[in-house]
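Novice: Quick one: the structure is below, and I'll ask about it shortly.
Number of protein chains: 2
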Amino acid sequence: MVITERQTTLNDVASRAGVSPATVSRVLNGNYPVATSTRDRVLEAVRHYDYVLNVHARALIHAQSGILGVILADVSDPFFSEVARGVQSVTAQTDLLAVICNTGSDPDQELKYLNLLRTHRADAVILVGAGSEHPRIQGELVRHAEGLARQGSLLVFCGRPLPGGTTAAGAVDVDNHGATELAMVHLARLGHRRILYLAGPPANTTTTARLAGALGAAKKRRIARRDVTVRAGDLSRRSGQELVEEALSEGLDFTAVLASNDLMAIGALVALRRAGIGVPDQVSVVGIDDIPIAADVTPALTTVRLPMEEMGAAAAKLAVQERMPGSRSAPPVQLIERESAAPARTD
Amino acid sequence: MVITERQTTLNDVASRAGVSPATVSRVLNGNYPVATSTRDRVLEAVRHYDYVLNVHARALIHAQSGILGVILADVSDPFFSEVARGVQSVTAQTDLLAVICNTGSDPDQELKYLNLLRTHRADAVILVGAGSEHPRIQGELVRHAEGLARQGSLLVFCGRPLPGGTTAAGAVDVDNHGATELAMVHLARLGHRRILYLAGPPANTTTTARLAGALGAAKKRRIARRDVTVRAGDLSRRSGQELVEEALSEGLDFTAVLASNDLMAIGALVALRRAGIGVPDQVSVVGIDDIPIAADVTPALTTVRLPMEEMGAAAAKLAVQERMPGSRSAPPVQLIERESAAPARTD
DNA sequence: GTCGTCTTAGAAAGGCCTTTCTTGAAAAAA
DNA sequence: TTTTTTCAAGAAAGGCCTTTCTAAGACGAC
């Protein structure tokens, strides 16, 4: 182990092994014949210095960095962490380094990360989950998609629609609209007519799609628009709880809560329990996502399963294997009936 | 928007603006006076090409990449995602890109990522949570810590002890030993004498520390060693459930379950509920960590709070601000009494 | 009008690796 | 033995940016 002032370089290794830098490079990359004796001397020198290659020098030549960017709202939200897991299940088999970036749902932070990743010549970038519908943001996204394409990388939209006019990006679709539709139909079948819908933040692609699904299904099932109350939260457990507490304190009349994600549904469960309202005897609760914990709360949450891990894996495959604009559909959403929804009381 | 075959470079921008590359660099870095009219022309050209700087070329000069590596077992485990959030709360205020790498608890994967990050000339790397106690692995860790130090970066051990003989690394301590001690003392005070302890995987720093804490406290409280049954799981919810199901089917006699993390404790709750055993009336359950969901399961989980987010933030600060070997202690652990533990039945 | 001082910009080297093009030597073929 | 082929290794350019050193011009001061 030799301590040098500057970094150990390939040249250092070369001179210790008594060969040219080219030879060291070839040993390390293994794409060119090198005599065994030479190789051994080189490897000895590599070990001696504990030499590690400098990706930056290499990236300068190949214009590739081995980085796969994953931009999402918050790793600590199980929805996103499941997707991230799906991504990593694919990248773990490659030399790619998956870089997970938390935006905290801030579209500007999203753009900042996109720029940063572009700066790092990321081989691909996956944008997970909801996005802003603001035209400025969408425009910037298109710009970045094109920029990425120009540097031979791919931007993949996972679980959000492609901004209008993008041809340079990939997409993994998930049926947000169908998910809430399924949930609402289920509730309607159980006889619920007065529904509290817990929506996500406004001007957000997923919020819009899920709300439209819920409202569309309600209409089909002849539930009057005024009988479904829509309240907007921020998709956190706490916000679900607060929204329901508010509704309760206002004396709002509802027999079911349809939350646009499981975290808020779990918050709703907490609020109802605290208020002494039985679930599902008095009020039914349905979520969306089917995050792992949904099965373990009490009562176990009835929800609509989104194929989170599969979405992540599909996006990663699109990003790293195909490297081509195109789209894939994740497996269909699926109603998971557990204990939190039951027939409406008929009193 | 001009589509070029090769990437747009600083030279392209320079010639469009009619200046030298040096000037463009100076405009972009803003660390040298440039006349306003020149700057404007340069910025116009930058916008025209949608030019983004190449980090690799820059990293070649500065030997820094702006990357902070975070190596952890699994982002979808709330413990780790909370720590990750803590890290990102610090990096979000900088130009640093936090890179989260999932090892799936595989020590070799951990080393692989460490090497990869070294290759990328990461400015710092944080190793989160339990590590292998295997001497080979520990030795490799020391080697990487020194390698990182030599390239001006820092390796930080967050929530795991420094391998013996490391001087080139940072550390954020967390009191694993004290956590289980607290939990066990609590159980003992409630009168429990026959305890099922759900441990983590063997040969793992955290498993060892937590087990020692639990056993030490049991001894102090005069609980016979043979009255605490230790079963090893993999820290997943599912494994907690299975371990308790097994114990139950074997007719093991216990009045309390002490799980070495909350996820396993939640699994235990599920198993007990399925077996029709009342918690906490018949059996008490205590966890460790205090992950967010712990408050929302039924019964709400009594647990020992580990300052996860603070640990992440402390590690990030050590890594990016101080850039010096040294250690910090996270805030102390704390017993959170909720509903899953009650006095032992005296029958 | 000349000299000195700022201010602003350019030239060129340097940072680390890969790869194409060459070359030298050894092995195989004639 | 001579010629051709094969194998292994080196020389050097190139990739993109930063920064030191140098210089041109503008402006004030004397």
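Line by line, the protein sequences are chains C and E. Just so you know, we're using this note's numbering here: the first sequence kicks off at -12 and counts up by one. Just so you know, we're using this note's numbering here: the second sequence kicks off at -12 and counts up by one. C-beta: ideal position from N, C-alpha, C; glycine also.
#1: Listed from N- to C-terminal order along the chain, which residues in the segment -2 to 26 of chain C have their beta-carbon within a distance smaller than 9 Å of any beta-carbon of chain E?
#2: Taking 7 Å as the CB-CB limit, is C/T285 close to chain E?
#3: Which chain E residues are close to C/P65, counting only those with a beta carbon under 7 Å from its beta carbon?
#4: Considering only residues of the same chain and omitting the five flanking positions on each side of C/E69, which have a CB-CB separation below 6 Å?
#5: Please go through the same chain and pick out, in chain order, the residues whose beta-carbon is closer than 8 Å to the beta-carbon of E/G126, but skip the five residues on each side of it.
#6: Can you check the segment 157 to 244 of chain C for any alpha helix (DSSP H) of at least 4 residues that lies completely inside it and give the ranges in chain order?
#7: Are three or more beta carbon pairs between the segment 84 to 100 of chain C and the segment 305 to 316 of chain C nearer than 8 Å?
#8: When DSSP labels each residue in this structure, what does C/R292 get in the three-state scheme?
#9: With distances taken from CA atoms, which of E/S236, E/Y36, E/I278 and E/D276 is nearest E/A258?
#10: So the candidates are E/T333, E/S63, E/A111 and E/S7; which of them puts its Cα closest to the Cα of E/L250?
#11: Beta-carbon within less than 6 Å of E/A234's beta-carbon, same chain only, minus the 5 sequence neighbours each way: which residues are those?
#12: Does any residue of chain E bring its CB to less than 7 Å from the CB of C/G134?
#13: So C/D(-1) is in the alpha helix (DSSP H); what residue range does that whole segment cover?
#14: Reducing DSSP to helix, strand and coil, say where E/T(-9) ends up.
#15: Can you confirm whether C/S223, when its beta carbon is compared against all beta carbons of chain E, has any partner nearer than 7 Å?
#16: So what's C/I323 in DSSP terms, helix, strand or just coil?
#17: Output, in chain order, the set of chain C residues within a Cβ distance shorter than 7 Å of E/T154.
#18: Can you tell me which of the three DSSP states E/L98 falls into?
#19: How would you label E/G116, buried or exposed, when you count the other beta carbons within 10 angstroms and need 16 or more for buried?
#20: By alpha-carbon positions, which one of C/D276, C/L288, C/L104 and C/R108 ends up nearest to C/A243?
#21: Mind pulling the chain C residues with CB within less than 7 Å of E/Q138?
#22: Just to confirm, is the Cβ distance from C/V272 to C/A255 under 7 Å?
#23: Under 8 Å, with one C-beta from each stretch per pair, do the segment 217 to 232 of chain E and the segment 179 to 194 of chain E reach the 3-pair mark?
#24: Give the residues from the segment 31 to 50 of chain C that approach chain E closer than 7 Å (Cβ to any Cβ), ordered along the chain.
#25: Do E/V77 and E/A317 come within 7 Å of each other at the CB atom, strictly closer than that value?
#26: Buried or exposed, going by whether 16 or more other CB atoms sit within 10 Å of the CB of C/P122?
#27: Can you find a C-beta in chain E that's less than 7 Å from the C-beta of C/A300?
#28: Indicate whether at least one CB of chain E lies closer than 7 Å to the CB of C/A205.
#29: Step through the CB atoms of chain C and report whether any lies within less than 7 Å of the CB of E/R325.
#30: So, E/M298 versus E/V172, is the Cβ gap smaller than 7 Å?
#31: Check the Cβ-Cβ distances between E/R105 and every residue of chain C, and say whether any is below 7 Å.
#32: Skipping 5 residues on each side, what residues in its chain have a beta carbon closer than 6 Å to that of C/Q321?
#33: Output needed in chain order: residues of the segment 108 to 125 of chain E with a Cβ under 7 Å from some Cβ in chain C.
#34: Can you find the residues in the same chain that come closer than 6 Å, C-beta to C-beta, to E/R3, ignoring five residues on each side of it along the sequence?
#35: Should C/L239 go down as buried or exposed, given a rule of 16 or more other Cβ atoms within 10 Å for buried?
#36: Can you pull out the residues from the segment 78 to 93 of chain C whose beta carbon lies closer than 8 Å to at least one beta carbon of chain E?
Specialist: Judging by the given coordinates:
#1: For the segment -2 to 26 of chain C, which is checked against every Cβ of chain E, not one residue is closer than 9 Å.
#2: What you label residue 285 of chain C is simply residue 298 of the first sequence in a count that begins at 1. So, interface residue.
#3: The sequence position of residue 65 of chain C within the first sequence is 78, counting from 1. Residues of chain E passing the Cβ test: S63.
#4: Taking the first sequence and counting its residues from 1, the one referred to as residue 69 of chain C is at position 82. These residues qualify, in order along the chain: M295 and E296.
#5: Taking the first residue of the second sequence as position 1, residue 126 of chain E is located at position 139. Residues of the same chain with a CB within less than 8 Å of the CB of E/G126, apart from the 5 flanking positions on each side, are P150 in chain order.
#6: The qualifying runs are 163 to 176, 192 to 207 and 224 to 236.
#7: Touching, no, given that fewer than three Cβ pairs across the two stretches are closer than 8 Å.
#8: Taking the first sequence and counting its residues from 1, one reaches residue 292 of chain C at position 305. Reduced to three states, the DSSP call for C/R292 is strand.
#9: The residue given as residue 258 of chain E occupies position 271 in the second sequence. From the listed residues E/S236, E/Y36, E/I278 and E/D276, the smallest Cα separation to E/A258 is found for E/S236.
#10: Reading the second sequence from its first residue, position 263 is the one you call residue 250 of chain E. Cα-wise, what sits closest to E/L250 is E/S63.
#11: Here residue 234 of chain E corresponds to residue number 247 of the second sequence, with the count starting at 1. Excluding five sequence positions before and after E/A234, the CB atoms of its chain that fall closer than 6 Å to its own CB belong to L183, given in chain order.
#12: Taking the first residue of the first sequence as 1, we reach residue 134 of chain C at position 147. Yes, because at least one Cβ of chain E sits closer than 7 Å to the Cβ of C/G134.
#13: To locate residue -1 of chain C, count along the first sequence from 1; it is residue 12. L(-3) to A4 is the span of the alpha helix (DSSP H), which, as asked, contains C/D(-1).
#14: What you label residue -9 of chain E is simply residue 4 of the second sequence in a count that begins at 1. For E/T(-9), the predicted structure reports a pLDDT of 44, less than 50, and the residue's modelled location is therefore unreliable. A value from the coordinates is still provided. Coil at E/T(-9), not helix or strand.
#15: Mapped onto the first sequence, residue 223 of chain C falls at position 236. So no, C/S223 is outside the interface.
#16: Here residue 323 of chain C refers to the residue found at position 336 of the first sequence. Three-state DSSP puts C/I323 in a strand.
#17: Numbered from 1 along the second sequence, position 167 holds the residue referred to as residue 154 of chain E. From the beta-carbon of E/T154, no residue of chain C is found nearer than 7 Å; the closest lies around 13 Å away.
#18: To locate residue 98 of chain E, count along the second sequence from 1; it is residue 111. Reduced to three states, the DSSP call for E/L98 is helix.
#19: Reading the second sequence from its first residue, position 129 is the one you call residue 116 of chain E. Answer is buried; the Cβ neighbour count reaches 16.
#20: Counting from 1 along the first sequence, the entry for residue 243 of chain C is found at position 256. Distances from the CA of C/A243 to each of C/D276, C/L288, C/L104 and C/R108 were compared; the closest alpha carbon is that of C/L288.
#21: Counting from 1 along the second sequence, the entry for residue 138 of chain E is found at position 151. The contacting residues are Q(-6).
#22: On the first sequence, residue 272 of chain C is found 285 positions in, with the first residue counted as 1. On the first sequence, residue 255 of chain C is found 268 positions in, with the first residue counted as 1. Yes; because the gap between Cβ atoms is below 7 Å, this pair is in contact.
#23: The segment 217 to 232 of chain E makes contact with the segment 179 to 194 of chain E, as at least three CB pairs between them are under 8 Å.
#24: Hits within the stretch, in order: D37, V39, L40, N41, V42, H43, A44, A46, L47 and A50.
#25: By 1-based counting over the second sequence, the position of residue 317 of chain E is 330. By 1-based counting over the second sequence, the position of residue 77 of chain E is 90. Not a contact, by the Cβ cut-off of 7 Å.
#26: One-based indexing of the first sequence puts residue 122 of chain C at position 135. So C/P122 counts as exposed.
#27: Position 313 of the first sequence, counted from the start, is the residue given in the question as residue 300 of chain C. Not one beta carbon of chain E lies nearer than 7 Å to the beta carbon of C/A300.
#28: For the purposes of this step, residue 205 of chain C is identified with residue 218 of the first sequence, where counting begins at 1. Chain E, which has no Cβ nearer than 7 Å to the Cβ of C/A205, makes this no.
#29: Along the second sequence, one-based indexing puts residue 325 of chain E at 338. It does not: the Cβ of E/R325 has no partner Cβ on chain C nearer than 7 Å.
#30: In the second sequence, counting from the first residue as 1, residue 298 of chain E sits at position 311. In the second sequence, counting from the first residue as 1, residue 172 of chain E sits at position 185. Taking 7 Å as the Cβ cut-off, E/M298 and E/V172 do not qualify as a contacting pair.
#31: Looking up residue 105 of chain E in the second sequence gives position 118. Output row for E/R105: interface = yes.
#32: As a working note, residue 321 of chain C is residue 334 in the first sequence. Cβ within range, chain order: R292.
#33: Result list: R108.
#34: Position 16 of the second sequence, counting from 1, holds the residue named residue 3 of chain E. Here the set comprises A32.
#35: By one-based count along the first sequence, residue 239 of chain C stands at place 252. When all chains shown are included, C/L239 counts as exposed.
#36: Those residues of the segment 78 to 93 of chain C that come within reach of chain E (Cβ to Cβ, closer than 8 Å) are A79, D82, L84, A85, V86, I87, C88, N89 and G91.
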